[in-house]
Amino acid sequence: EKGTYPHFMLKEIDEQPLVIRNIIAKYRNEEGEIELSQDIRDAILASDRIYIIAAGTSYHAGLIGKQFIERFAKIPVEVHVASEFSYNMPLLSENPFFIYISQSGETADSRAVLVQTNEMGYKALTITNVPGSTLSREADYTLLLHAGPEIAVASTKAYTAQLAVLAILSADIAYSKGLEIGFDLTQELGIIASAMEALCGDKEEMEQIAREYLATTRNCFFIGRSLDFYVGLEGALKLKEISYIQAEGFAGGELKHGTIALIENGTPVIALATQEYVNLGIRGNVKEVVARGANPCIISMEGLEMEGDRYVLPAVNEALTPLVSVIPLQLISYYAALHRECDVDKPRNLAKSVTVE
Ligand code: M6R
Numbered sequence: 244e245k246g247t248y249p250h251f252m253l254k255e256i257d258e259q260p261l262v263i264r265n266i267i268a269k270y271r272n273e274e275g276e277i278e279l280s281q282d283i284r285d286a287i288l289a290s291d292r293i294y295i296i297a298a299g300t301s302y303h304a305g306l307i308g309k310q311f312i313e314r315f316a317k318i319p320v321e322v323h324v325a326s327e328f329s330y331n332m333p334l335l336s337e338n339p340f341f342i343y344i345s346q347s348g349e350t351a352d353s354r355a356v357l358v359q360t361n362e363m364g365y366k367a368l369t370i371t372n373v374p375g376s377t378l379s380r381e382a383d384y385t386l387l388l389h390a391g392p393e394i395a396v397a398s399t400k401a402y403t404a405q406l407a408v409l410a411i412l413s414a415d416i417a418y419s420k421g422l423e424i425g426f427d428l429t430q431e432l433g434i435i436a437s438a439m440e441a442l443c444g445d446k447e448e449m450e451q452i453a454r455e456y457l458a459t460t461r462n463c464f465f466i467g468r469s470l471d472f473y474v475g476l477e478g479a480l481k482l483k484e485i486s487y488i489q490a491e492g493f494a495g496g497e498l499k500h501g502t503i504a505l506i507e508n509g510t511p512v513i514a515l516a517t518q519e520y521v522n523l524g525i526r527g528n529v530k531e532v533v534a535r536g537a538n539p540c541i542i543s544m545e546g547l548e549m550e551g552d553r554y555v556l557p558a559v560n561e562a563l564t565p566l567v568s569v570i571p572l573q574l575i576s577y578y579a580a581l582h583r584e585c586d587v588d589k590p591r592n593l594a595k596s597v598t599v600e
């Protein structure tokens with residue numbers, strides 16, 4: 244039920260701090276430490292390469308999951324769009340392990356790959372929000388998102404829940420390999436939940452940004468480097484699916500290789516700047532688009548902010564910023580859709596779960 248909310252999407256955006264706290268509680272042992280079941284751990288430790296398979300927003304979560312797993316657990320990861328995997332199957336490693344990320348657990352494209360990898364005899368884990376879903380039943384292992392039902396077609400809380408579970412998985416594998424991740428993940432996730440709360444309390448500002456940049460525009464670009472690039476992809480998907488504004492996310496460094504040709508006077512460019520080691524790089528990209536007339540909206544993070552930034556996010560651990568930086572993008576998309584009188588929860592041509600290939 245929507246309760247007092249005008250749309251499920253807004254309600255689900257607001258639920259994110261609670262979902263993160265829920266996830267911490269579900270994946271913590273009695274000593275307060277992150278702990279996954281031993282069989283999942285053993286299966287992953289026995290593999291030499293992880294293949295993440297997913298679609299849409301879940302694919303975007305997978306791109307960030309790869310960073311978590313490689314940085315923390317030091318296992319190589321490939322991320323594949325489910326619908327492409329079967330006929331573009333990469334040369335698999337000797338001991339592959341498959342992770343299927345799917346909010347609904349019913350996505351036909353992902354299931355088709357699971358059927359195939361099951362037949363090949365490879366072990367698989369499904370990360371899903373729906374216990375008993377097809378992908379959960381057909382995989383060897385399941386990790387639940389514990390996000391509660393997601394009704395709006397545009398995925399929001401499932402995405403941040405996927406990121407949190409992927410971070411937990413990566414940290415658990417790191418610990419069991421005797422590796423340090425350099426911070427206390429449960430504590431950092433707690434800080435993230437509070438930062439999410441602060442952002443959800445700042446809706447007027449998000450509505451204002453949507454009004455300023457997106458009320459009448461035909462298109463919009465999202466740029467970022469490193470983790471911010473992947474969040475930009477998700478921001479662009481969110482915006483296009485509910486507001487029908489043509490949106491594209493790309494790596495800041497790729498601008499000069501083509502996309503910059505599309506920048507005109509007034510083109511909105513939303514730039515994420517949450518990573519210290521690429522901060523100057525992304526700032527340089529903003530200058531490049533501004534020189535061509537773009538209307539830049541820089542979303543940075545406390546500690547990295549510079550004059551002229553449109554919005555500054557509360558500081559969180561640099562490895563985990565996507566959990567926080569996606570919130571303004573979700574809210575900006577929501578308000579853009581609202582201002583343009585779109586059907587926020589049920590955008591045209593889309594279904595909540597895509598059960599055909
Ligand atoms: O249920 P799934 O996570 O497998 O769904 C995958 C995509 O269909 C889904 O994320 C889609 O892209 C959303 N509408 C995005 O908001």
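Its first residue numbered 244, the sequence shown is counted upward by one per residue in the UniProt record's numbering.
Note that CB positions come from ideal geometry on N, CA and C, so glycine has one too.
Keep in mind the model is a prediction, meaning the values are calculated, not measured.
In terms of Cα proximity to Ala594, the closest of Glu381, Ala438, Glu349 and Ala367 is Glu349. In this structure, the alpha-carbon of Asp383 lies about 38 angstroms from that of Ile575. Contact holds between the region 458-476 and the region 505-515, because three or more Cβ pairs, one in each stretch, are under 8 angstroms apart. DSSP places Pro339 in the uninterrupted beta strand (DSSP E) bounded by Pro339 to Ser345.
Residue state for Ile506 is assigned as coil, using DSSP reduced to three classes.
Take Gly305, set aside five residues on each side of it, and the residues of its chain with a beta-carbon closer than 7 angstroms to its own are Ile295, Ala297, Val322 and Ile344, in chain order.
If you ignore the 5 residues before and after Ser596, its C-beta comes within less than 7 angstroms of the C-beta of Ser347, Glu349 and Thr350, all in its own chain and listed in chain order.
Counting along the chain, Thr360 sits inside the alpha helix (DSSP H) bounded by residues Ala351 to Glu362. Under the three-state reduction of DSSP output, Cys443 falls in the helix class.
A residue is called buried when at least 16 other Cβ atoms come within 10 angstroms of its Cβ; Arg380 does not meet this threshold and is exposed. The DSSP assignment places complete beta strand (DSSP E) segments of no fewer than 3 residues inside the region 429-502 at 462-467 and 489-494, in order along the chain.
At least one heavy atom of the ligand M6R lies closer than 6 angstroms to the C-beta of Ala298.
Ranking Thr429, Glu393 and Gly546 by CA distance to the CA of Ala407 puts Thr429 first. Arg271 and Asp415 have their alpha carbons spaced roughly 11 angstroms apart. In this structure, the beta-carbon distance from Asn538 to Gly509 falls below 7 angstroms. If you ignore the 5 residues before and after Asn265, its C-beta comes within less than 7 angstroms of the C-beta of His389, all in its own chain and listed in chain order.
Taken in chain order, the whole alpha helix (DSSP H) runs of length 4 or more contained in the region 278-333 are 281-288, 299-311 and 325-328.
When the Cα atoms are used, Leu335 and Ala367 turn out to be separated by approximately 14 angstroms. Counting along the chain, the unbroken beta strand (DSSP E) around Ile513 starts and ends at Pro511 to Ala516.
Note on geometry: alpha-carbon atoms of Glu561 and Met544 lie some 10 angstroms from one another. In the DSSP assignment, Met544 falls within the unbroken beta strand (DSSP E) covering Asn538 to Met544.
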